Amino acid sequence: MRAARSATANAGLGAKLTSLFAADLSLEGSNLNELETSQLIRYHLLQQRSCFANLCAEEGARKWIEKAMLDYPLFLIVGLITVQDANTQAERQRDGQGSIFVEAPVGEAIGVPGPEGVANARISLHGGGSSGRSISFIAPGERVFGVWYRVQDA
Numbered sequence: 012m013r014a015a016r017s018a019t020a021n022a023g024l025g026a027k028l029t030s031l032f033a034a035d036l037s038l039e040g041s042n043l044n045e046l047e048t049s050q051l052i053r054y055h056l057l058q059q060r061s062c063f064a065n066l067c068a069e070e071g072a073r074k075w076i077e078k079a080m081l082d083y084p085l086f087l088i089v090g091l092i093t094v095q096d097a098n099t100q101a102e103r104q105r106d107g108q109g110s111i112f113v114e115a116p117v118g119e120a121i122g123v124p125g126p127e128g129v130a131n132a133r134i135s136l137h138g139g140g141s142s143g144r145s146i147s148f149i150a151p152g153e154r155v156f157g158v159w160y161r162v163q164d165a
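Throughout, the working numbering is defined as the position within the sequence shown, counted from one, plus 11.
In structure tokens form, the structure reads like this:
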């Protein structure tokens, strides 16, 4: 009888292990970036190579370029993108929730009969939180938004 009881207790405990501990975690986030402008303008050099050749033809500029290119590549700006009376907004939102459920089969361990789980000890914890930030600004007039460039290697 003791061997059968032991086998039954082990089977009962094995079945309860699936509900002994449970955890859940969820994380969410969102990003929003907006740019409103009354006008977008593109400026670019039509003859980039001849502009660079003319720049190199000047002795002072050429010496400066040669010295600078000893340590770093040369970036030649060939265009700009500007916006007129821009209004921008950026938002970041992060949310998280978690829960833990623990059940100790005390009733079964001490041999208390009854409906399943009545004498068991249970703990359930749940928590969550969120954080967010928003930033916006207005840039009146014409402002540089982007730069086109070419890398000039030595």
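Glycine included, C-beta positions come from ideal geometry on N, C-alpha and C.
On a predicted model such as this, the values are computed, not experimentally measured, just so you know.
Taking just the CA atoms, how far does Leu81 sit from Asn44?
Your numbering for residue 44 matches position 33 in the sequence shown. Your numbering for residue 81 matches position 70 in the sequence shown. Cα-Cα distance, rounded: 40 Å.
What three-state label does DSSP hand Ser110 in the structure shown?
Along the sequence shown, one-based indexing puts residue 110 at 99. Strand, per DSSP.
Identify which residue in Gln100, Lys78, Ala68 and Leu51 has its Cα closest to the Cα of Val94.
Locating residue 94 in the sequence shown gives position 83, counting from the first residue. Minimum Cα distance to Val94 is reached at Leu51.
From which residue to which residue does the alpha helix (DSSP H) around Gln59 run?
The residue given as residue 59 occupies position 48 in the sequence shown. Going by DSSP, Gln59 is part of the alpha helix (DSSP H) stretching over Gln59 to Ala68.
Considering Ala160, what are the terminal residues of the beta strand (DSSP E) in which it resides?
Translated into the one-based positions of the sequence shown, residue 160 becomes position 149. The amino acid at residue 160 is misidentified as Ala; the sequence shows Tyr. Looking at the DSSP string, the run of the beta strand (DSSP E) that includes Tyr160 is Ala132 to Gln163.
Taking 8 Å as the threshold, find out whether the segment 134-149 comes into contact with the segment 94-113 through three or more Cβ pairs.
yes
First and last residue of the beta strand (DSSP E) that includes Ser49?
Position 38 of the sequence shown, counting from 1, holds the residue named residue 49. Neither: Ser49 is in no beta strand (DSSP E) and is coded neither H nor E.
Spatial neighbours of Phe86 within its chain, please: CB distance less than 8 Å, with the 5 preceding and 5 following residues excluded, ordered by chain position.
By 1-based counting over the sequence shown, the position of residue 86 is 75. Only Tyr160, Arg161, Val162 and Gln163 meet the Cβ criterion.
Under 8 Å, do Ser76 and Gly157 count as touching if we go by C-beta distance?
Counting from one through the sequence shown, the residue named residue 76 turns up at place 65. Counting from one through the sequence shown, the residue named residue 157 turns up at place 146. Correcting the residue type first, residue 76 is Ile in the shown sequence and not Ser. The answer is no: Cβ separation not under 8 Å.
Between Leu36 and Glu114, which are expected to be in contact by the criterion C-beta below 8 Å, what is the C-beta distance as a whole number of angstroms?
In the sequence shown, residue 36 corresponds to position 25, counting from 1. In the sequence shown, residue 114 corresponds to position 103, counting from 1. So it is not a contact: roughly 19 Å between Cβ atoms.
According to the neighbour-count rule (16 or more other Cβ atoms, all chains shown, within 10 Å of its Cβ), is Ala97 buried or exposed?
Numbered from 1 along the sequence shown, position 86 holds the residue referred to as residue 97. Counting Cβ neighbours within 10 Å, Ala97 comes out buried, since at least 16 surround it.
Do you know whose CA, among Ser142, Glu153, Val155 and Ala101, lies nearest Asn42's CA?
Position 31 of the sequence shown, counting from 1, holds the residue named residue 42. When only C-alpha atoms are compared, the closest one is Ala101.
With DSSP as the reference, label Leu31 as helix, strand or coil.
As a position in the sequence shown, residue 31 is number 20, starting the count at 1. Note: Leu31 maps to helix in three-state DSSP.
Whole angstroms is fine: what's the gap from Arg154's alpha carbon to Phe148's?
On the sequence shown, position 143 is the one that residue 154 refers to. On the sequence shown, position 137 is the one that residue 148 refers to. Each residue's Cα considered, the two are about 13 Å apart.
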